[in-house]
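K.L.:
Numbering (the numbering used here), first residue to last: 37 to 223. Got a structure for you, written out below as structure tokens; questions coming shortly.
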């Protein structure tokens, strides 16, 4: 990407931070034509700005519609960034609304569910339920370790514990499917 496009991209992100409702959608549409995956963290930070709910909805729709495969890794980095904890739940909802398959990030979603609050765990459960697979054995094992740590710490929130139990059951099913697949492969 040339320097002019990068500057224009930064300029549009700054305009979005201003929260001007009448220009927000237009600026977001223009940014969409220039956007690089590297700019997604800055765009996510716009959620932190003092923008209206209407602007936040427009931004969420933008994230929902991400379709570039390269965006997956960047989105996971954004979600795992401690600075983005206040907006994690919003961004998690964009993951399960997107058309991208995040199956390779099973362990990260389990980790976020375990570490997060009830609503984050609910979003992660929804994402995990919709993952297409197949799953790597290492991701399943890492997920099981996160779940084990949660149990060892002692669940304090009964509602969240119920969600974590549902996630654990899904991970168990993924593990059984992997084992069945491996056995069938040997025949």
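Where is the CB? At the ideal position from N, CA and C, for every residue including glycine.
Whether or not the region 154-168 and the region 183-192 are in contact is what I'm after, with contact meaning three or more pairs of Cβ atoms, one per stretch, closer than 8 Å; do they touch?
P.N.:
Touching, no.
K.L.:
Kindly indicate which three-state DSSP category residue 202 falls into: helix, strand or coil?
P.N.:
Helix at residue 202.
K.L.:
Residue 64 and residue 93 look like a contact to me (Cβ under 8 Å); what is the Cβ gap, rounded to whole Å?
P.N.:
11 Å between Cβ atoms; not a contact.
K.L.:
The alpha helix (DSSP H) spanning residue 73 covers which residue range?
P.N.:
Per DSSP, residue 73 belongs to no alpha helix (DSSP H) and is neither H nor E.
K.L.:
Going by DSSP, what residue range makes up the alpha helix (DSSP H) through residue 169?
P.N.:
Premise fails: residue 169 is in no alpha helix (DSSP H) and is neither H nor E.
K.L.:
Helix, strand or coil: how does DSSP classify residue 53 here?
P.N.:
The answer is helix: DSSP assigns residue 53 an H, G or I state.
K.L.:
Straight-line CA distance for residue 150 to residue 40?
P.N.:
If you take the alpha carbons of residue 150 and residue 40, they lie about 43 Å apart.
K.L.:
Quick check: residue 139 and residue 100, are their CB atoms within less than 9 Å of each other?
P.N.:
Going by C-beta atoms, residue 139 is not nearer than 9 Å to residue 100.
K.L.:
To the nearest angstrom, how far is it from the Cα of residue 204 to the Cα of residue 103?
P.N.:
Rounded to the nearest angstrom, the two C-alpha atoms are 29 Å apart.
K.L.:
Whose CA, out of 87, 46, 121, lies closest to the CA of residue 78?
P.N.:
Of the candidates 87, 46, 121, the one whose C-alpha sits nearest the C-alpha of residue 78 is 46.
K.L.:
Could you check which residue in 199, 174, 194, 173 has the C-alpha nearest to that of residue 164?
P.N.:
The candidate whose alpha carbon is nearest that of residue 164 is 199.
K.L.:
Just to confirm before moving on: does the CB-CB distance between residue 31 and residue 173 stay below 9 Å?
P.N.:
A query on residue 31 cannot be resolved here, the shown segment of the chain reaching from 37 to 223 and no further.
K.L.:
Would you mind sorting residue 130 into buried or exposed? The rule is 16 or more other CB atoms within 10 Å of its CB.
P.N.:
Classification for residue 130: buried.
K.L.:
Based on Cα-Cα distance, which residue from 68, 196, 177, 81 lies nearest to residue 210?
P.N.:
Checked all of 68, 196, 177, 81; the closest Cα to residue 210 is 177.
K.L.:
What three-state label does DSSP hand residue 100 in the structure shown?
P.N.:
Helix.
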